[in-house]
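Note that the UniProt record's numbering has the sequence shown beginning at 1, numbered continuously upward.
Here the structure is laid out as structure tokens; the discussion comes afterwards.
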Amino acid sequence: MRVEDEREYVDYVAARLPVLRRAAYLMCGDVHRADDVVQATITTLYRKWRRARGADNLDAYVQRILVRKHLDERRLGWSRVRLLPEPPDTTAPATGDVEIREELRAALEQLPRAQRTVLVLRFACDLSVDDVAAVMRCSPSNVKSHTARGLAALRHLYDVERVSSSDSTHGRKR
1 MRVEDEREYV DYVAARLPVL RRAAYLMCGD VHRADDVVQA TITTLYRKWR
51 RARGADNLDA YVQRILVRKH LDERRLGWSR VRLLPEPPDT TAPATGDVEI
101 REELRAALEQ LPRAQRTVLV LRFACDLSVD DVAAVMRCSP SNVKSHTARG
151 LAALRHLYDV ERVSSSDSTH GRKR
């Protein structure tokens, strides 16, 4: 790769890295897997930079790579070695906005993969319906349908979690 191309690539990745990490985290639900997906994404982007930078919408092109790498990770994840069943919980108790974000993230994880991916791309990555359709290789009406169903399910799951957590804090039994 030429020096100018590499500089352009580095500038692009540096600017988009936080968005890519957030999107990957929301899709994966695990920060370490999200980092793996982002690393695979930017590696693929590096190999294809010359073609990628000529794309009509570079962000959508990169989002498509990210989604494909996430799907690959899910398909091939069964072959990974896990040293611990779960990492030890060493975080401080969540409060305020952090608690709400965690509740929403937990509800998001319960959605079907297509709905979760559409919601992440639409609202966390701020892509248009057409851009999400291009990334996911489906029709815009399919994206709208997944968005509507995903938001409805997310609202339901979030409300159920909030009601059950308030019942448990008030000593009520369901």
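All C-beta atoms in this analysis are idealised placements derived from N, C-alpha and C, irrespective of residue type, glycine included.
Asked                                                                                                                                             : Found
Is it true that the region 46 to 62 meets the region 9 to 29, where meeting means three or more beta-carbon pairs spaced less than 8 Å apart?     : yes
In whole angstroms, what is the alpha-carbon distance linking G29 and D130?                                                                       : 25 Å
Does the Cβ of T41 have 16 or more other Cβ atoms within 10 Å, making it buried, or fewer, making it exposed?                                     : buried
Below 8 Å CB to CB, which residues in the same chain sit around D72 once its five sequence neighbours on both sides are set aside?                : A40
Taking 8 Å as the threshold, find out whether the region 102 to 117 comes into contact with the region 133 to 153 through three or more Cβ pairs. : yes
Between L26 and V120, how many whole angstroms is the CB-CB distance? I'm expecting something under 8 Å.                                          : 4 Å
Assign R172 to one of three DSSP states: helix, strand, or coil.                                                                                  : In this prediction, R172 scores a pLDDT of 46, lower than 50, which makes its location untrustworthy; no coordinate-derived value is stated.
What is the residue span of the alpha helix (DSSP H) that A24 lies within?                                                                        : V3 to C28
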